[in-house]
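Presented below is the structure to which this report refers.
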Ligand SMILES: [Zn+2]
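Next comes the structure, spelled out in structure tokens:
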């Protein structure tokens, strides 16, 4: 039975726990600001009911980044609740308005193949009413004040997982979106999805320097300040381990498909050795596309550092070691 009520965090902050934790900030006049809306219409319907049962009226949505599991409920809520305004960071807003772009970039920039046109990767597009901040400031990880529904919230740049992802801070609660993942999620997934690994690592460091009482990841448990350093350290370990596995997979040159297969095999061997509840990664085409994209993010990161290079040889784009070390 899915949870249908809001869990209160502080006087004016709440969340609806689930596969994707959805945040709520209560305004001074009975309104609610939602932070992300979940995968689909069903989630959005439950979320709306939970907001109503808390005696609040949805007035605005903040979308932290464009991934389908965070914006999939936007369309339902904007259609069914009157006068709701959608706020999103620049760059992310483009993808939120035109969600075909997500399966497009997962398909070499081409018109998406059918298996990638799934609700897991492609939400319904909706217009964004208000842009939050500026792209460069967000990518630089800056924080700034943002006025919304008569409230002043702090917005923090949490780029990496998605290029212009933001977090929202209010009343000592940091709604961190996918700026970090809960420990149960890390152990389950092996490779943490990111577009840019250097930015993702910097985001972990930035969150480590904060001093909120609570941190809510998009996926995983609400984390008190006493536990956040350990959780962020585990995120960093997981990201660095993925980089190491990818680097090991480039010991022999290979194209993206070959390197991805080697990294998958390495993960499968680790999973077999740990008899945990971890499921095998990339069992479906959408999962494979996400996994391969994350592998390429680590390859690009190694290329930025001069450890790996790309050559065009015998009609193949090959990744290979340069001889430099990390
Ligand atoms: Zn995401």
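In my numbering, the protein residues as written are 2 to 327.
Ideal placement from N, C-alpha and C gives every residue a C-beta, glycine not left out.
Open item on the list: ligand 1 and residue 68: does any heavy atom of the ligand fall closer than 7 Å to the residue's C-beta?
Closed with: yes
Task: Sub-8 Å separation of residue 162 and residue 244 beta-carbons - done: no
- [ ] Out of 293, 26, 320, 37, point me to the one whose CA is closest to residue 178's CA.
- [x] 37
- [ ] Indicate whether the contact test is met: 3 or more Cβ pairs, each with one atom in the segment 121-139 and one in the segment 70-81, closer than 8 Å.
- [x] With a cut-off of 8 Å, the segment 70-81 and the segment 121-139 count as touching, because enough Cβ pairs lie within range.
Task: Alpha-carbon to alpha-carbon, residue 151 and residue 142 - done: 25 Å
- [ ] Could you check if residue 114 is buried or exposed, using at least 16 other CB atoms within 10 Å of its CB as the buried criterion?
- [x] exposed
Task: Delimiting residues of the beta strand (DSSP E) encompassing residue 226 - done: Where residue 226 is concerned, there is no enclosing beta strand (DSSP E), although the alpha helix (DSSP H) it sits in stretches over 226-250.
Open item on the list: Tell me whether residue 301, by its Cβ, gets closer than 7 Å to a heavy atom of ligand 1.
Closed with: no
TODO: Pull up the CB-CB distance for residue 180 and residue 21, whole angstroms please, since I reckon it's below 8 Å.
DONE: In fact, because the Cβ distance is near 14 Å, the residues do not count as touching under 8 Å.
- [ ] For residue 238, count neighbouring Cβ atoms within 10 angstroms of its own Cβ and tell me buried if that reaches 16, exposed if not.
- [x] Around the beta-carbon of residue 238, fewer than 16 other beta-carbon atoms lie within 10 Å, marking it exposed.
TODO: State the beta-bridge partners of residue 217 as determined by DSSP.
DONE: DSSP output for residue 217 lists 176 as bridge partner(s).
Task: Bounding residues of the beta strand (DSSP E) (the contiguous stretch that carries residue 321) - done: 317-322
Open item on the list: On a Cα-Cα basis, can you pick out the residue from 292, 120, 61 that is closest to residue 193?
Closed with: 292
Open item on the list: Using the Cβ count rule (16 or more neighbours within 10 Å means buried), how would you classify residue 185?
Closed with: exposed
TODO: Verify whether the separation of the beta carbon atoms of residue 169 and residue 10 is less than 8 Å.
DONE: no
Task: Cβ separation of residue 165 and residue 140, assumed to be a contact under 8 Å, to the nearest whole Å - done: 6 Å
TODO: Work out the CA separation of residue 68 and residue 88 for me, nearest whole Å.
DONE: 15 Å
Open item on the list: Using C-beta distances below 8 Å, list every residue in its chain close to residue 6, excluding the 5 sequence neighbours before and after it, in chain order.
Closed with: 17, 51, 54, 55
TODO: Check the DSSP bridge columns for residue 147 and list the partner residues they point to.
DONE: 154
TODO: Find the nearest neighbour of residue 95 within the set 80, 66, 85, judged by alpha-carbon distance.
DONE: 66
Open item on the list: According to DSSP, simplified to helix, strand and coil, what is residue 253?
Closed with: coil
Open item on the list: Considering only the alpha carbon of each residue, which of 320, 159, 217, 44 lies closest to residue 120?
Closed with: 44
TODO: Go ahead and pull the three-state DSSP assignment for residue 66.
DONE: coil
Task: N-terminal and C-terminal residue of the alpha helix (DSSP H) that residue 129 is part of - done: Where residue 129 is concerned, there is no enclosing alpha helix (DSSP H), given that its DSSP letter is neither H nor E.
Open item on the list: Using DSSP's beta-bridge definition, name the partner residues of residue 209.
Closed with: Residue 209 pairs with nothing; no bridge assigned.
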